[in-house]
Each structure stands twice: as C-alpha cells, then as structure tokens.
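Enquirer: Sharing a structure with you now.
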Amino acid sequence: MARPGDLRRTSALCPQDLQLFPLTIAENLEMVCPGCIDSASHDGLAGEILRLFEIPELVSELPERWATPVGNLSGGQRQRIAVVRAFLKVAPIVVLDEPTSHLDTEAEQAVIRAVRELAQTRLVIVATHRVIRLGWVDKIVVLDHGRIAQIGTFRDLRQEPGPFAVLYGRQIRKSAQDGGGGA
Numbered sequence: 158m159a160r161p162g163d164l165r166r167t168s169a170l171c172p173q174d175l176q177l178f179p180l181t182i183a184e185n186l187e188m189v190c191p192g193c194i195d196s197a198s199h200d201g202l203a204g205e206i207l208r209l210f211e212i213p214e215l216v217s218e219l220p221e222r223w224a225t226p227v228g229n230l231s232g233g234q235r236q237r238i239a240v241v242r243a244f245l246k247v248a249p250i251v252v253l254d255e256p257t258s259h260l261d262t263e264a265e266q267a268v269i270r271a272v273r274e275l276a277q278t279r280l281v282i283v284a285t286h287r288v289i290r291l292g293w294v295d296k297i298v299v300l301d302h303g304r305i306a307q308i309g310t311f312r313d314l315r316q317e318p319g320p321f322a323v324l325y326g327r328q329i330r331k332s333a334q335d336g337g338g339g340a
C-alpha cells in the first residue's frame, strides 16, 4: 500500500484554486526545478517544458520579465505558470484540475498542445467540465453525483446517451452561439 509521502513524490498537482506563492515567476518555478530559470538557453527538459507552454514569450512581454511578482499577472497568466510548475516537477503522474478555466481561446489551445505533448511520457489526469476540448485524451471517466456514470473515448461518449453527451451538446450549442469552434 502506497504511503502519502510516496504519492507526493510521484505526482504533481495543479488545483483549480491556483496554488502559487506570493513571489516572482522565477521563484515559483524554481521551487520545483532549481536553476531552471537561471539557464540563459533553457536547455534540457525544463527548457522544453517552458517552450511548449510558451512561457519565454509570456515573460518577454512583462516589464520585470522573470522577476515579475505573480500577483501582478492576470488570472490566465497565473494559471499557465501553475500548470507549468506541475510539469516542471517531472513526476510520472500529473493531475490538472480545470487547467484552462481562466484562459482565453489562444492560450487554452497552447496549453492543450503542451499537455498533449507531455502526456506522451506521463500519466496526465485532467478534471474538467469543459468537455468539448477533450478529443485528445485516451480515456474519459464521467462522474455523476460522485459515481462513475460512463467510461469511454471522446468519440464514443459523444454518441452514447448519457451525461457526457448532454454536456457536450450544451457546450457545442453555446460555442456556436458565441461564434467559437467546438472540438
């Protein structure tokens, strides 16, 4: 039986209520990846993670760059830093709770691309109500009132009667009304 300490060492969590410290961007990231910001070229896995999430571009637009206090960031920028920090831990299991809830469409797509890429080498568990963007996941487990209601692929669950298809249909209709794209 796994002990709580084992779980903490082998997993990374990015909760919906962003857990960033009132420090700079660099200090928040270096808590889990010491020295990863100091490297001018951002080499190695840490550099790849930063590039996948387009963090160097985000930071380059800020007046204080890496020294920007996270309290000065928008909700979406803080969310991207929190998700990146989870992946910089380099844990085999990464749990993301509503990882794109504060993001605009462009940033959401960048985060999804990065998570998809990094999910090739880790188990990534995503908890979300935004089901129209889940076409990339291997398996979906639908919870209804705390119980497993459905398990399947995105394609199958969209067509199968049940809570997933209902939520998917609502989101597609809302997206169409808002002028946005679906899956």
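Just add 157 to the spot in the sequence shown (first one is 1) and you have our numbering. C-beta atoms are modelled at their ideal positions from N, C-alpha and C, and glycine is treated no differently. Owing to the predicted nature of the structure, the values given are computational and were not obtained by experimental measurement.
Between residue 300 and residue 226, how many whole angstroms is the CB-CB distance? I'm expecting something under 8 Å.
Expert: The Cβ separation is near 37 Å, so there is no contact.
Enquirer: Could you check whether residue 183 and residue 246 sit closer than 7 Å to each other, using their CB atoms as the reference points?
Expert: Taking 7 Å as the Cβ cut-off, residue 246 and residue 183 do not qualify as a contacting pair.
Enquirer: Could you tell me which residues DSSP puts in a beta bridge with residue 181?
Expert: Per DSSP, 226.
Enquirer: Starting from residue 304, follow its DSSP beta bridges and name the residues at the other end.
Expert: Answer is 301, bridged to residue 304.
Enquirer: So, helix, strand or coil for residue 309, using DSSP?
Expert: The answer is strand: DSSP assigns residue 309 an E or B state.
Enquirer: Restricting to Cα atoms, I'd like to know which of 178, 293 and 259 is closest to residue 277.
Expert: With distances taken between Cα atoms, residue 277 lies closest to 293.
Enquirer: Are the beta-carbon atoms belonging to residue 239 and residue 177 less than 7 Å from one another?
Expert: Closer than 7 Å, so yes.
Enquirer: Which partner residues does residue 281 have in the DSSP bridge list?
Expert: In the DSSP output, where bridge partners are listed per residue, residue 281 has 251.
Enquirer: In three-state DSSP terms, what is residue 168?
Expert: Correct three-state label for residue 168: strand.
Enquirer: Does the count of Cβ pairs from the segment 267-282 and the segment 300-310 closer than 8 Å reach three?
Expert: Judged by Cβ distances under 8 Å, the segment 267-282 makes no contact with the segment 300-310, as fewer than three pairs qualify.
Enquirer: Thinking C-alpha only, which one of 267, 221 and 249 is nearest residue 236?
Expert: It is 267 whose Cα lies nearest to the Cα of residue 236.
Enquirer: Using the Cα positions of residue 216 and residue 272, report the straight-line distance between them to the nearest angstrom.
Expert: About 19 Å.
Enquirer: Give the straight-line distance between the Cα atoms of residue 321 and residue 314, rounded to the nearest whole angstrom.
Expert: Residue 321 and residue 314: Cα-Cα distance of roughly 6 Å.
Enquirer: Can you list, in chain order, the residues of its chain with a C-beta nearer than 8 Å to that of residue 319? Leave out the 5 residues immediately preceding and following it.
Expert: Around residue 319: 299, 306 and 307.
Enquirer: Rounded to a whole number of angstroms, what is the C-alpha to C-alpha distance between residue 252 and residue 334?
Expert: The straight-line gap from Cα to Cα measures roughly 31 Å.
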